[in-house]
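Chains as they are written, first to last, in the numbering used here: chain A, 426 to 766; chain B, 426 to 766. We treat Cβ as the ideally placed atom computed from N, Cα and C, and that holds for glycine. Given the structure is predicted, the values throughout are model-derived calculations rather than measurements.
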DNA sequence: ATCCGCATAGAAAGCGCTTTCGTAAGCGCT
DNA sequence: AGCGCTTACGAAAGCGCTTTCTATGCGGAT
């Protein structure tokens with residue numbers, strides 16, 4: 426029969442002290458004798474008292490929850506990042522609220538508003554921004570208002586939000602990946618990419634273009650198929666590529682999820698990897714090394730990025746946005762090899 | 426220049442109405458003329474007003490956030506479930522707070538307390554319980570107090586918590602999996618399992634034992650290797666199994682993550698699948714069909730389970746805990762075949 | 001014209017906490 | 001004994017909302 430939860434005043438009464446003393450005892454601040462503090466805590470424990478965060482926050486305590494926005498939790502890239510945030514957050518006694526944005530600026534705005542409404546201590550956004558700055562202007566404005574009100578914001582992989590950022594070097598990663606394929610001797614390379622409206626895709630592609638140019642190739646002459654940034658997208662892209670260009674010797678997917686789809690599609694068509702076609706990914710999601718063939722990819726330390734972005738979010742604001750560059754490394758496994766003579 | 430956020434009273438003043446009218450206008454309740462409601466909303470929009478959830482909840486509004494506890498977000502089983510909860514939650518305008526329990530009853534208790542402190546509308550717990558009921562008694566008590574106070578609780582795969590539950594039939598799933606292997610002709614089957622302290626493992630194993638018994642076999646005579654419920658655990662379990670029992674014709678992993686590790690370990694040892702050894706998983710995580718060979722497994726509709734558990738959590742409490750049985754189905758792919766003559 | 005009822009507006013009382021602020025008590029000094 | 005100092009404690013003022021409760025104005029019915 427839905428009876429009321431014990432409140433601080435109930436605890437105070439039961440312990441025979443004022444509510445002020447009880448508050449101090451529970452929050453561990455000074456101004457209470459050890460004897461009273463102990464008594465209050467004991468009584469609180471017996472009564473099953475759990476402080477009301479809403480009341481606490483309202484009364485002036487700093488919020489202890491942080492908001493995390495990801496494009497899609499099912500994408501292993503975001504899963505890993507979320508894991509990092511969750512782990513470090515729990516360790517610091519923080520609560521985390523997660524929202525999905527689905528790579529949709531409108532949904533993103535809605536989610537940001539929800540976090541603002543909850544007066545979270547910090548908002549962390551993971552996931553590519555949009556090449557078209559206009560599209561994310563409303564979000565940016567909302568975030569700025571949030572910061573003006575004392576909130577903190579930190580992002581992963583977004584340069585244009587005027588917030589502290591953890592930045593993977595997508596450009597350099599793309600370059601070293603392309604260099605690897607070129608060094609193996611590949612020239613007819615196809616690309617399975619996510620929406621080019623995403624900065625992540627644009628940046629990786631730019632790095633690739635740079636490497637290609639050094640080898641006298643032009644990215645514009647090569648097949649670049651834009652698809653969903655998912656396994657299914659990778660599968661579809663592969664069929665599109667092979668139907669139009671049966672002579673490619675390598676397919677570079679711009680994230681591992683797509684690469685998994687590429688691998689499956691090639692298998693379905695009876696194309697051997699890396700015998701007939703080499704395949705590469707990007708991110709190095711945990712499952713990449715378990716695939717067959719084990720995936721050559723560019724490693725991004727996703728879980729660590731999650732921890733770092735939370736660290737940034739917890740630091741007091743600085744006058745200029747901080748940026749933390751993330752190391753990346755080419756991980757050569759079994760899915761790439763020299764093209765057949 | 427951390428300036429203060431606009432409050433409801435600021436909006437009310439700017440619109441020239443009382444704070445009560447402004448409140449009604451913003452929350453869409455009756456008692457305001459359309460003209461005033463429209464004006465207030467316009468002014469609020471201009472001022473960038475976002476209601477303070479803490480104040481709103483404190484004042485008596487129902488909480489709009491729900492808490493979700495998973496063992497480990499990185500485990501695709503939980504990722505999928507979380508995705509389902511997140512999607513349906515967003516659709517209903519709910520906010521979700523996620524916590525990690527790491528299969529540790531103490532951490533679980535801490536996380537439950539945090540959710541209680543946040544006075545969430547409902548607590549959703551996904552993930553296996555413990556065979557030893559004593560170990561989760563404190564959590565159960567806390568949840569009961571939460572429910573007594575009007576909170577809602579719904580769980581996935583836990584029968585012993587006295588809450589509404591979505592229940593995959595692990596027993597039947599285990600049975601049909603074992604029947605499949607037996608039907609193919611396998612007799613020397615090894616099992617790579619997670620901690621047997623988990624009810625999920627115990628239930629699946631019980632179903633398997635039942636099928637084996639029907640075929641005149643005793644599970645106790647077969648190798649059952651207990652390891653971490655992860656890819657790495659599956660890998661280690663495989664080596665342990667093969668070192669001690671080189672003659673097994675099938676390895677059944679009790680979740681897909683372990684199966685992925687089994688596949689990789691077999692490949693590393695040069696054992697062909699399913700030629701020399703058949704491999705099966707459990708759950709049917711999204712990547713299962715993309716593996717090579719594509720994994721035979723028992724499908725659990727994880728995302729749907731996430732939605733269902735949220736649905737249960739949103740319904741008013743009933744006198745007796747509701748249970749929603751989840752369908753499962755054996756998905757036969759390429760990783761199982763008849764043992765070599 | 002008078003009265004009743006309804007819809008709309010505002011005043012004010014909290015929701016459960018934290019935190020000044022004021023007071024009382026205890027201490028070591030001179 | 002008297003002084004100032006520190007420390008322990010409680011009263012009370014909010015934090016920003018929702019929600020009674022009360023007051024006002026209007027229409028229609030008499």
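Rounded distance between the beta-carbons of residue j and residue i, thought under 8 Å
i	j	result
residue 735(A)	residue 708(A)	19 Å between Cβ atoms; not a contact.
residue 578(B)	residue 548(B)	5 Å
residue 738(A)	residue 491(A)	6 Å
residue 520(B)	residue 522(A)	6 Å
residue 538(A)	residue 488(A)	About 16 Å; that fails the 8 Å criterion.
residue 705(B)	residue 761(B)	6 Å
Residue burial classification, residue i (beta-carbon count within 10 angstroms, cutoff 16)
i	result
residue 639(B)	exposed
residue 517(A)	exposed
residue 752(B)	exposed
residue 531(B)	exposed
residue 637(A)	buried
residue 565(A)	buried
residue 426(A)	Unreliable placement is indicated for residue 426(A), whose pLDDT of 45 sits below 50; no coordinate value is reported for it.
residue 669(B)	exposed
residue 484(A)	exposed
residue 625(A)	buried
residue 671(B)	exposed
residue 750(A)	exposed
residue 754(B)	exposed
residue 497(B)	buried
residue 721(B)	buried
residue 434(A)	exposed
residue 747(A)	exposed
residue 455(A)	exposed
residue 512(B)	buried
residue 660(A)	buried
residue 567(B)	buried
residue 429(B)	exposed
residue 446(A)	buried
residue 459(B)	exposed
Beta-bridge pairing of residue i - partner residues as DSSP gives them
i	result
residue 734(B)	Its beta-bridge partners do not exist; DSSP assigns none.
residue 589(A)	579(A)
residue 756(A)	722(A)
residue 488(B)	Paired residue(s): none; residue 488(B) is not in a bridge.
residue 531(A)	According to DSSP, which records beta bridges pairwise, residue 531(A) is partnered with nothing at all.
residue 524(B)	494(B)
residue 557(A)	Its beta-bridge partners do not exist; DSSP assigns none.
residue 685(B)	Answer is none; residue 685(B) lacks a bridge partner.
residue 463(A)	Partner(s): none; residue 463(A) has no beta bridge.
residue 651(B)	618(B)
residue 678(B)	617(B)
residue 547(A)	491(A), 577(A)
residue 751(B)	593(B)
residue 779(B)	Given that chain B is displayed from residue 426 to residue 766, the structure contains no residue 779(B) and the question cannot be resolved.
residue 452(A)	Paired residues: none, contrary to the question.
Going along the chain, which residues of the segment 592-625 of chain A sit with their C-beta nearer than 7 Å to a C-beta in chain B?
none
Positions along the segment 508-523 of chain A whose CB lies within less than 7 Å of some CB in chain B
508, 511, 512, 515, 520, 521, 522, 523
Chain A contacts from the segment 461-485 of chain B (Cβ-Cβ distance under 9 Å):
473, 475, 476, 477, 478, 479, 480, 481, 482, 483
Closer than 7 Å, Cβ to any Cβ of chain B: which residues of the segment 493-506 of chain A, in chain order?
Of all residues in the segment 493-506 of chain A, the ones placed with a Cβ closer than 7 Å to any Cβ belonging to chain B are 498, 499, 504, 505, in chain order.
Are there three or more Cβ pairs, one per stretch, closer than 8 Å when the segment 472-489 of chain B is compared with the segment 474-494 of chain A?
yes
Quick one: which residues of the segment 541-554 of chain B get their C-beta closer than 8 Å to a C-beta of chain A? List them in chain order.
541, 542, 543, 544
Taking any Cβ of chain B, which residues in the segment 646-665 of chain A have a Cβ under 7 Å from it, in chain order?
Listed by position, the residues of the segment 646-665 of chain A near chain B (Cβ gap below 7 Å) are 656.
Answer yes if the segment 685-700 of chain A comes into contact with the segment 507-516 of chain A, meaning at least three C-beta pairs across the two stretches below 8 Å, and no otherwise.
no
Touching by the beta-carbon criterion (3+ pairs, under 8 Å), the segment 611-625 of chain A and the segment 646-654 of chain A
Result yes; three or more Cβ-Cβ pairs closer than 8 Å.
For the segment 676-707 of chain A, which residues have a beta carbon sitting closer than 8 Å to at least one beta carbon of chain B?
685, 686, 688, 689, 692
Is it the case that the segment 590-608 of chain B contacts the segment 621-637 of chain B, given that we only count it when at least three CB pairs across the two stretches are under 8 Å?
yes
Do the segment 548-558 of chain A and the segment 709-725 of chain A make contact, defined as three or more Cβ pairs closer than 8 Å?
no
Listed in chain order, which residues of the segment 573-585 of chain A have Cβ atoms closer than 8 Å to some Cβ of chain B?
573, 574, 575
Which residues, taken in chain order from the segment 525-537 of chain A, show a beta carbon closer than 7 Å to some beta carbon of chain B?
From the segment 525-537 of chain A, only 525 have a Cβ closer than 7 Å to chain B.
Are three or more beta carbon pairs between the segment 437-451 of chain A and the segment 462-469 of chain A nearer than 8 Å?
Short answer: they touch.
Contact residues within the segment 711-735 of chain B, judged by C-beta distance below 9 Å to chain A:
711, 712, 714, 715, 716, 717, 718, 719, 728
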